Amino acid sequence: MFYQNAHCLVTDTGAALKSEASLLEYLRLLEKAKLEFGLKLPAYALLPGRALLYFVTPGADLHSVMGGFAKGSALADYRAGSCKYKLIQPDKYSAHLARYIHMEPVREQLSARPEGYRWSSAAQYIGGVEGPADKDLVLSAFPGEPEAALAAYSSFLVEPVPGKFWRPFAKNRDAVLGDREFTASHSPHGQEQD
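So the sequence shown is numbered by the working numbering: it starts at 2 and just counts up by one.
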C-alpha cells in the first residue's frame, strides 16, 4: 500500500489526547518522525481521542512508523497499532484531505473557525503561525503565486463540502482513494474505489 511519495491519511486512535502535555508530546513525536523517516506532513489535527495525519512518505512503511511512534515517550497510555490508513491520489484528493482535517475541529465544535483550533495545522495556513506542517504540498494544488494559492485555499476551506469528498475520509477503515486506474494499481485487493 505504500510507495515512493505515497500520500496517506493516518487516523491514529492510539493516544488519549486530552491534556495539554499529551498534545505537546504528540506534536514532538510527529516532528521526530518527520526527521527520522523523511516524512512530509501537509496537514494534521490532534483531536480528543484521535489524531488525523496527512503524511507523504518517501517510501517508509507508515505501519512501521506508527507502530514504533511512541516508544520511549511520555505518552504512557499509547496503544500502538490503533491506526487506519487511506492511500490517496494526490492530484484528486490532496486539497480535499487537508480541508477535511482542518474542518474536523469545527465539526466537532472544538473551535468556531479552523484556524482557531490550536492543535491543527489550519493556523499555519490561514493565521501565519509557525509549525510542523508542509503546507506547500497542498497549496501547490491551487494556481498562482503562494499568496494567491493561499487565498484560493482559504476560500476553498469554507465552501460547502460535497459528501463524496467527506465520507471517504470519515470512514474508519483502510482504503485506497482515487480514480479507477489509481485504485487498480495501488489497492492490495485489486478493488476499485472512488
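Even for Gly, the Cβ is constructed at its ideal location relative to N, Cα and C. Computed from a predicted structure; not experimentally measured.
Report the three-state DSSP secondary structure of residue i (helix, strand or coil).
i    : result
K85  : strand
F56  : strand
A134 : coil
A17  : coil
K41  : strand
V1   : Lying outside 2 to 195, the shown extent of the chain, residue 1 is not represented and no answer is given.
A61  : coil
A46  : strand
L28  : helix
D195 : Note that D195 has pLDDT 48, beneath the 50 cutoff, so the model's placement of it is unreliable and the number below is only indicative. In the structure shown, D195 sits in coil (DSSP, three-state: anything other than H, G, I, E or B).
L1   : Any property of residue 1 remains undetermined from this structure, which presents the chain solely from 2 to 195.
A34  : helix
A153 : helix
A142 : coil
A7   : strand
One question on the structure: do residue i and residue j come within less than 9 Å of each other, judged by their Cβ atoms?
i    : j    : result
A46  : I127 : no
A96  : A142 : yes
K33  : V57  : no
F166 : L10  : no
L158 : A123 : yes
P59  : G73  : no
D135 : P147 : no
H187 : L88  : yes
G50  : L18  : yes
Can you name, in chain order, every residue of its own chain whose Cβ lies under 7 Å from the Cβ of residue i, other than the five neighbours on each side?
i    : result
A99  : P43, A44, Y55, V139
P106 : A46, L48, S112, P115, Y118, S121
V130 : A124
Note down, in chain order, each residue of its chain lying with its Cβ closer than 8 Å to the Cβ of residue i, except the 5 sequence neighbours on either side.
i    : result
D195 : Note on D195: pLDDT 48, under 50, position unreliable in the model; the coordinate value appears next. Excluding positions up to five away in sequence, the list reads L178, G179, D180, R181, T184.
A71  : G15, A16, L30, Y79, A81
Just curious, the beta strand (DSSP E) that residue i is in, first and last residue?
i    : result
V177 : 176–178
Short of 6 Å in beta carbon distance, which residues of its chain neighbour residue i, apart from the five on each side in sequence? Order them along the chain.
i    : result
Y94  : L178
A52  : D13
Q192 : Since pLDDT at Q192 reaches only 48, below the 50 mark, its modelled position is unreliable, and the value read off the structure follows with that caveat. None.
Q90  : G179, F183
M67  : C84
List the endpoints of the continuous alpha helix (DSSP H) containing residue i.
i    : result
F170 : 168–171
S186 : 181–187
Considering only residues of the segment 78–125, which uninterrupted beta strand (DSSP E) runs meet the minimum length of 3 residues and lie entirely inside it, listed in chain order?
Within the segment 78–125, the complete beta strand (DSSP E) runs of at least 3 residues are 84–89.
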